[in-house]
Amino acid sequence: MSDGLADRVKAAFESALRLMARGGGSAEVLRAAFEAERGRAGKKMSVAVVGRISTGKSTLVNALIGEERVATGSQELTFNVNRLRYSETPRLLVRYKDGRPSVPYSPERLEELTARREDHLEELRGIAEVVVEIPAPYLEDFELIDTPGLDCVFGEDSLNTLEFLRLRPEDVMDASLRHASAADALILVLPVRGPSRTDADVVAQFLGPDFATSTPLTTLGVLTKCEYLWEEGGPHPLVLGRRQADRIMRDAPGMRRRLFDLTPVCGLLGQAAATLDEETVATFEELAKAPSAALSLRLSDAKMFVNAGDGFPLDAARRRALWNRFGPYGIHTVCGLLRDGVRDPAKLRAILLDDSGLTGLRGRLTDHFGHRSALLKLDGSLERIRRMPKDLAAGAGPRERSLLDAALGGFEALALNEPGFAELRTLRELYSGRLRLGVEENEELRRALGEFGRSPAARLGLPEGAGADALRAEARRRHSVWLVRWQSGMLYGPSREAARTVVRAYEHLLHELEESHGPDARGEGGGREV
Numbered sequence: 263m264s265d266g267l268a269d270r271v272k273a274a275f276e277s278a279l280r281l282m283a284r285g286g287g288s289a290e291v292l293r294a295a296f297e298a299e300r301g302r303a304g305k306k307m308s309v310a311v312v313g314r315i316s317t318g319k320s321t322l323v324n325a326l327i328g329e330e331r332v333a334t335g336s337q338e339l340t341f342n343v344n345r346l347r348y349s350e351t352p353r354l355l356v357r358y359k360d361g362r363p364s365v366p367y368s369p370e371r372l373e374e375l376t377a378r379r380e381d382h383l384e385e386l387r388g389i390a391e392v393v394v395e396i397p398a399p400y401l402e403d404f405e406l407i408d409t410p411g412l413d414c415v416f417g418e419d420s421l422n423t424l425e426f427l428r429l430r431p432e433d434v435m436d437a438s439l440r441h442a443s444a445a446d447a448l449i450l451v452l453p454v455r456g457p458s459r460t461d462a463d464v465v466a467q468f469l470g471p472d473f474a475t476s477t478p479l480t481t482l483g484v485l486t487k488c489e490y491l492w493e494e495g496g497p498h499p500l501v502l503g504r505r506q507a508d509r510i511m512r513d514a515p516g517m518r519r520r521l522f523d524l525t526p527v528c529g530l531l532g533q534a535a536a537t538l539d540e541e542t543v544a545t546f547e548e549l550a551k552a553p554s555a556a557l558s559l560r561l562s563d564a565k566m567f568v569n570a571g572d573g574f575p576l577d578a579a580r581r582r583a584l585w586n587r588f589g590p591y592g593i594h595t596v597c598g599l600l601r602d603g604v605r606d607p608a609k610l611r612a613i614l615l616d617d618s619g620l621t622g623l624r625g626r627l628t629d630h631f632g633h634r635s636a637l638l639k640l641d642g643s644l645e646r647i648r649r650m651p652k653d654l655a656a657g658a659g660p661r662e663r664s665l666l667d668a669a670l671g672g673f674e675a676l677a678l679n680e681p682g683f684a685e686l687r688t689l690r691e692l693y694s695g696r697l698r699l700g701v702e703e704n705e706e707l708r709r710a711l712g713e714f715g716r717s718p719a720a721r722l723g724l725p726e727g728a729g730a731d732a733l734r735a736e737a738r739r740r741h742s743v744w745l746v747r748w749q750s751g752m753l754y755g756p757s758r759e760a761a762r763t764v765v766r767a768y769e770h771l772l773h774e775l776e777e778s779h780g781p782d783a784r785g786e787g788g789g790r791e792v
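For the sequence shown, this note's numbering begins at 263 and goes up steadily by one.
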């Protein structure tokens, strides 16, 4: 949050709290609500990862943070909520359902707090949330919340664990929905190969009232497990995943009004790549000595690979470990890179992260959520504050309602005068389908407002290597086009306001180019102010 915006937000909350104090005890509920919102505004953006059990949510979280911290799989896990956030000193905090004080633990105890264990039965039953604090650089921008699952159908192993913990299936779903609704943004995880009936149920649920406030501004989709689409000699798994993602976005009514995109990733490969070390590379070097054709044949089946026989490199235990950690596509890719002479672990990690789609996904999450995190958090607070008269003030008297109206007025003025909110309003109108612009105009609007990247080149649709003169020339040209469009009298209501927002975006971009590169040879550093 910029210093200026932070100061204005702080002043709005202080004014609201002073007003609520004048209402006496009858305004205590409202004052507490404003206090809670002020606390949320001062925290990092929270992003909840939601989807069915066994869709690869925890694997994706591990891949994003670059560490295998969160337990994966579903057979022996306790359906805990795991909240991961940045801290220079690693530690665990356990929050309990009965409200008792949080208890700190050593990070090494994470498995016993999230895995089904008879010797910790009563403690496991009482856990509401496990907070994992680690020095993972990716968590410096926002915290990730790994939710249990949105399942209405459980397998036998999961049902056994539910019985063990005295939980009902709806308890698991309720916990996921509760944390999703409290988060500032969402990642919806869907698995490749489908959708099955239960996947379709989750999509329908996501498009229903439980996620009514989700929009492309705050929600990204991830299509996981794309590595399982791989076949020897076939297209890249992400190419096949992109095709399936496009079908889901096209065929599920309302999906484009909820998701910014559905990005395909090879989550298992991304998780394994992030933790690739010298010892693992040495193991792969031994495996890569096998003839390429013989290795490819065995990668077609897990049993065939693990039980390849004594004449094949590595013993069965190490081959099983590689299969579980990298999957057949990952094994094929690493061995191919080693045969091509790439051996340095850091270089291998970078190549594999790119190949898995994780590098692109990390950048997309940071670009889409990161640069607007302060505005998105404040926007969420505003929505909750606007609901206070209905949600919290039903029994309030005239004085308290008058004070609440005055407090709301301070926040409405903040939203009206803050430049970034105009862009949020415009994008919200676009994604809801209320703008009367053409397809190309809609795409340019999204691009100019930073939906596809924040660099000047990305906002102008030019190559990243474009020079300053080319950037300025294109920005002036686009500014002129949208200025005419705004002033033409052919647009009305939200569409005209959207055109004005784009004009201002190009003006800010021209000013930014002047600040970073200086005025051009003609001395033209900016556009006409609106």
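Every residue, glycine too, gets a C-beta built ideally from N, C-alpha and C.
Annotation for Asp472: no alpha helix (DSSP H) segment contains it, and DSSP assigns it neither H nor E. Per the coordinates, the alpha-carbon of Phe341 lies some 31 Å from the alpha-carbon of Glu297. Only buried fits Asp641, as 16 or more other CB atoms lie within 10 angstroms of its CB.
Residues of the same chain with a CB within less than 6 Å of the CB of Arg648, apart from the 5 flanking positions on each side, do not exist. Remark: C-beta atoms of Leu614 and Thr595 approach each other more closely than 9 Å.
Taken through DSSP and simplified to helix, strand or coil, Gly682 comes out as helix. Remark: fewer than three beta-carbon pairs, one from each stretch, lie closer than 8 Å, so the stretch 617 to 630 and the stretch 279 to 294 are not flagged as touching.
Contact annotation: Glu489 and Leu439 have beta-carbon atoms that are not nearer than 9 Å. Bridge partners of Ala447 according to DSSP: Val309. Assignment of Ala390 by DSSP, reduced to helix, strand and coil, places it in the strand class. Cβ-Cβ separation between Phe673 and Cys597: approximately 58 Å, too far for a contact (criterion under 8 Å).
Ranked by how close their Cα comes to the Cα of Leu538, the residues Gly328, Lys319 and His770 have Gly328 in first place. CA-CA distance, Leu412 to Asp513, rounds to 21 Å.
By the beta-carbon neighbour count (other beta carbons within 10 angstroms, threshold 16), Val701 is exposed. When Pro607, Arg634 and Ala534 are compared, the shortest CA-CA separation from Pro590 is found for Ala534.
For Phe574, the secondary structure class from DSSP, reduced to helix, strand or coil, is coil. The beta-bridge partner set that DSSP reports for Glu395 consists of Arg347 and Arg353. In this model, Gly503 and Val454 are separated by some 7 Å (Cα to Cα). Taking Trp744 as reference, the option from Glu706, Ser717 and Met566 with the minimal CA-CA separation is Glu706. Apart from the 5 residues on each side of it in sequence, Asn324 sits with its Cβ closer than 8 Å to the Cβ of Glu330, Arg331, Val332, Thr334, Gln533 and Ala536 in its chain, given in chain order. Residue burial annotation: Glu370 is exposed, with fewer than 16 other C-beta atoms found within 10 angstroms of its C-beta. Proximity to Ser476 across Glu645, Glu384, Gly603 and Arg509 peaks at Glu645, based on C-alpha coordinates. The Cβ atoms of Leu469 and Met517 sit closer than 9 Å to each other.
Annotation: the continuous beta strand (DSSP E) that includes Asp408 extends over Phe404 to Asp408.
In the pairwise beta carbon analysis, the stretch 288 to 303 is classified as not touching the stretch 352 to 362: fewer than three pairs are separated by under 8 Å. When Cβ pairs closer than 8 Å are counted between the two stretches, the stretch 303 to 318 is seen to touch the stretch 395 to 410, the count reaching three or more. Looking at the DSSP output, Gly483 sits in a beta bridge with Leu450 and Leu524.
Leu429 has its alpha-carbon roughly 17 Å from the corresponding atom of Val392. Runs of alpha helix (DSSP H) with 4 or more residues, each lying fully within the stretch 755 to 784, are found at 755 to 779, listed in chain order. Lys609 and Arg509 have their C-alpha atoms roughly 34 Å apart. Within the same chain, Leu559 and Arg560 come within 8 Å of Met566 by CB-CB distance, once the 5 residues on both sides are set aside. In this model, Leu772 and Asp602 are separated by some 46 Å (Cα to Cα). Residue environment: Arg519 is assigned as exposed (fewer than 16 neighbouring CB atoms within 10 Å of its CB, all protein chains considered). In the DSSP assignment, Pro366 is bridged to Leu355. The three-state reading of DSSP puts Ser742 in helix, counting H, G and I together. Within the same chain, and ignoring the five residues on either side of Asp360 in sequence, the residues whose Cβ sits closer than 8 Å to its Cβ are Gly388.
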